[in-house]
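Position one of the sequence shown corresponds to residue 54 (the numbering used here), numbered consecutively onward. Backbone N, C-alpha and C fix where the C-beta goes; we use that ideal spot for every residue, glycine too.
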Amino acid sequence: TLFRSRGIQSYGIKNRALFRRNAAETSLQLTGYIPYPDTTGESLNTLPGPQEASPYSAELRQTAAAIVADGKGILACDESTKTIGKRLEQIGVPNEEKFRQQWRELLFRTPNMNEAISSAILYEETLFQNAADGTPFVDIMKANNVIPGIKVDTGVRATFKDGETITEGLEGLAERAQKYYKQGARFAKWRGVLRIDPSGAPSMEAIEANARSLAHYGKICQMNGLVPIIEPEVLMDGAHGIEIQGWVTEKVQAATMKALSDVNIEWEGMLLKPNMILPGTDSGKTASPEEVAKFTVEGLKRTLPAAVPGITFLSGGQSEEEATRNLNAMNKLFPDAPWKLSFSFGRALQASVLKAWDGKEENIPAAQNLFYALSKANGEAALGKFEGEHPATTGSLYEKNYVY
């Protein structure tokens, strides 16, 4: 109907392909995106020539390797002001800057946190924030040998099928990356979000669009000194089984790798932050850590270049204990994986700690002890050596259509 109303049908194959291409570019606000390649031979794209490496190439490799050092992973505390407000609300604390500051200072001043935490992803407010005594948070982190990182996407907007989104934030990213680097950040994160449902989501357009956005973000960051963490998340929402979650995730990751190759990403200077492969939350099914490990790592072996130094899994609404045990199983079953299998956990490192703090100063030492214990549990899991009782005090952390 759309083609007929615009008189497209009479134009022939060439013009229909051109129309689709132009419509897709307009919708995505990305020039050069071709969801329907022209196979008529009328208009062919030449292969781009080799590009110069980032002037920060050696530093990027060093930083990426340090983030996934043996037995270490990432604290993801890059929740937006709105999202951290929801967390604070759960313990009766107002969403005010002084309380957000107190919470994050509790985390960053945890003694010996760098034994299992190599780095932390921050929200922009936190990157430029000071502790109560006036010390910049980035200086506290550096003194503890924790690498500061920064969330650089600006959220999502709706597109394509109902509920599908594309992540935004490319406009002005180079300038922001330079500002963040100057402030002390050495890596960045950008989250693409895809979902599975019976209506046909994710559409090929949504997969390609988010892959291209992730690739452009990655290249811009590398050229400005930041290691990009590439996060193409396939949500665990839905009634599908683990096989479908694995199949869709594999297609998403393959498209993302192709897009990264197209922009000449430096594989050794990036990290991947994927979802683990789990049954849909509404499926009524569960999977053992061994099943999760098998589906997750075998899918990555089919899509991710061995040159990438590490994978920092998101927890994605799993309980703190589930996330740890699933990561542990991956490292036990695949000790010779070509990349480090590590973690970039947010809720799965903070939920129990927030509850222990409860907004009270006198609870800070106990909360920090718990954060250290949770960090060490995941550090051991990143080596395949976690055993015994888990220190978590919370259950499921699942939130439908989770937004940072």
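Given residue 329, which residues of its chain have a CB within under 6 Å of its CB, disregarding the five upstream and five downstream residues?
-> For residue 329, where only same-chain residues beyond five positions count, the Cβ hits under 6 Å are 345, 349, 366, 379.
How many Å lie between residue 410 and residue 144 at the Cα?
-> One C-alpha to the other measures close to 9 Å.
Quick one: what's residue 274 bridged to in DSSP?
-> Beta-bridge pairing links residue 274 to no other residue.
Where does the unbroken beta strand (DSSP E) through residue 247 begin, and where does it stop?
-> Taken as a continuous stretch (DSSP letters only), the beta strand (DSSP E) holding residue 247 covers 240 to 247.
With burial defined as no fewer than 16 other Cβ atoms inside 10 Å of the residue's Cβ, what is the status of residue 141: buried or exposed?
-> Per the 10 Å Cβ criterion, buried.
When you compare only the Cα positions, how much space is there between residue 86 and residue 302?
-> Residue confidence for residue 86 is low, a pLDDT of 47 falling below 50, so the modelled location carries little weight and cannot support an answer.
Roughly how many angstroms lie between the CA atoms of residue 386 and residue 398, to the nearest whole one?
-> Our two residues, residue 386 and residue 398, have alpha carbons roughly 21 Å apart in a direct line.
Per DSSP, which one or two residues make a beta bridge with residue 219?
-> In the DSSP assignment, residue 219 forms a beta bridge with 210.
Between the Cα of residue 271 and those of 314, 136, 424, spot the shortest distance and give me the residue it belongs to.
-> Nearest of 314, 136, 424 to residue 271, Cα basis: 314.
Go ahead and label residue 97 buried or exposed: buried means 16 or more other beta carbons lie within 10 angstroms of its beta carbon, across all protein chains shown.
-> Around the C-beta of residue 97, fewer than 16 other C-beta atoms lie within 10 Å, and the residue is accordingly described as exposed.
Using DSSP with H/G/I as helix, E/B as strand and the rest coil, what is residue 189?
-> Three-state DSSP puts residue 189 in a strand.
Enumerated in chain order, which unbroken segments of the alpha helix (DSSP H) with a length of 4 residues or greater are wholly contained in the segment 139 to 167?
-> For the segment 139 to 167, whole alpha helix (DSSP H) runs of length 4 or above, ordered along the chain, are 150 to 161.
Contacts around residue 226, its chain only, beta-carbon distance under 7 Å, and the 5 residues preceding and following it disregarded | Same-chain partners within the cutoff: 205, 270, 273.
Which residues in the same chain as residue 421 place their Cβ atom closer than 6 Å to its Cβ, once the five residues preceding and following it in sequence are excluded?
-> Only residues of its own chain outside the window of five on either side were considered, and among them 163 have a CB closer than 6 Å to the CB of residue 421, listed in chain order.
Look at the Cβ atom of residue 289, then the Cβ atom of residue 218, and state whether they are nearer than 7 Å.
-> Their beta carbons are not under 7 Å apart, which means residue 289 does not touch residue 218 by this criterion.
Going by the CB atoms, is the gap between residue 279 and residue 241 shorter than 7 Å?
-> Contact: yes.
Can you check whether the CB of residue 377 is closer than 7 Å to the CB of residue 292?
-> Annotated as distal: residue 292 and residue 377, with beta-carbon spacing of 7 Å or more.
Spell out a yes or no on whether the segment 432 to 448 and the segment 381 to 395 are touching, meaning 3 or more CB-CB pairs, one atom from each, closer than 8 Å.
-> These segments touch.
Is the segment 100 to 109 close to the segment 143 to 158, with three or more CB pairs under 8 Å?
-> Short answer: they don't touch.
When DSSP builds the beta bridges, which residues end up paired with residue 436?
-> According to DSSP, residue pairing for residue 436 in a beta bridge does not occur.
Three-way DSSP call (helix, strand, coil) for residue 198 in this model = In this structure, DSSP gives residue 198 a state outside helix and strand, which the three-state scheme calls coil.
What's the gap between the Cα of residue 249 and the Cα of residue 173?
-> Those two C-alpha atoms are separated by around 29 Å.
Tell me whether residue 445 is buried or exposed, calling it buried when 16 or more other Cβ atoms sit within 10 Å of its Cβ.
-> Looking at its Cβ environment, which holds 16 or more other Cβ atoms inside 10 Å, residue 445 is buried.
Candidates 312, 158, 326: which alpha carbon is nearest residue 186's?
-> Answer by Cα proximity: 158.
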